[in-house]
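In terms of the numbering used here, the sequence shown opens at residue 284 and continues consecutively.
Using N, Cα and C, we set each Cβ at its ideal position, and we do this for glycine too.
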Amino acid sequence: MNRFSVIYQFREQYHHVSCNSRTEAESILQLVANHKGRKPVGIYDAKTELFDWDASRQEQYERASFEGQGQLGEQIITIAQALRRRDASWQTAGEVRRPSFFA
Numbered sequence: 284m285n286r287f288s289v290i291y292q293f294r295e296q297y298h299h300v301s302c303n304s305r306t307e308a309e310s311i312l313q314l315v316a317n318h319k320g321r322k323p324v325g326i327y328d329a330k331t332e333l334f335d336w337d338a339s340r341q342e343q344y345e346r347a348s349f350e351g352q353g354q355l356g357e358q359i360i361t362i363a364q365a366l367r368r369r370d371a372s373w374q375t376a377g378e379v380r381r382p383s384f385f386a
């Protein structure tokens, strides 16, 4: 599985693009930022379980209280992990399965 996920919003729903490298993820994030209708959120690193906010969201994150930062971080990491699990469940051992639903 790819280590990095670029998280973005489209039509008020979260989506992600899996990437092999940090450089690739940064490139994809830039493409998302330039695409009308998509709102970049940031890059999730599955190995370290850390999240780097997009510049526009970083300012909002830094203005939040310490408690608010913790809640925002926990929320987006949970979303990133759920998106990655969903995609991993779509194909197992070469067979295509129905996607699972998540909250």
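Contact check, residue i vs residue j, beta carbons under 8 angstroms
| i | j | result |
| --- | --- | --- |
| Gly325 | Arg340 | yes |
| Ala363 | Phe334 | yes |
| Val332 | Ile360 | Residue 332 is actually Glu in this sequence, not Val. In this structure, Ile360 lies closer than 8 angstroms to Glu332 by Cβ. |
| Arg367 | Ala329 | yes |
| Arg321 | Tyr344 | no |
Cβ neighbour criterion (16 or more within 10 Å) applied to residue i
| i | result |
| --- | --- |
| His318 | exposed |
| Ala347 | exposed |
| Ser372 | exposed |
| Phe293 | exposed |
| Phe349 | exposed |
| Arg380 | With a pLDDT of only 47 at Arg380, under 50, the local geometry of the prediction cannot be trusted, and the value read off the model is given with reservation. Per the 10 Å Cβ criterion, exposed. |
Inter-residue Cα distance where the pair is residue i and residue j
| i | j | result |
| --- | --- | --- |
| Val300 | Ile311 | 8 angstroms |
| Trp336 | Asp370 | 22 angstroms |
| Glu342 | Gln296 | 21 angstroms |
| Asn285 | Tyr327 | 11 angstroms |
| Gly353 | Ala316 | 25 angstroms |
| Pro382 | His298 | In this prediction, Pro382 has a pLDDT of 47, which is less than 50 and means its spatial position is unreliable; nothing more can be read from the coordinates. |
| Glu357 | Cys302 | 21 angstroms |
| Ala386 | Val289 | In this prediction, Ala386 scores a pLDDT of 36, lower than 50, which makes its location untrustworthy; the coordinate-derived value is nonetheless stated afterwards. Cα-Cα distance, rounded: 19 angstroms. |
Contact with chain B by residue i, beta-carbon distance below 8 angstroms
| i | result |
| --- | --- |
| Trp336 | Absent from the structure is chain B; it holds one protein chain and no more. |
DSSP bridge partner residues for residue i (one or two, in chain order)
| i | result |
| --- | --- |
| Tyr297 | Gln292 |
*Sequence ranges, beta strand (DSSP E) only - wholly within the stretch 295 to 377, length at least 3*: Listed in chain order, the complete beta strand (DSSP E) runs (minimum 3 residues) inside the stretch 295 to 377 are 296 to 302, 321 to 328, 333 to 336.
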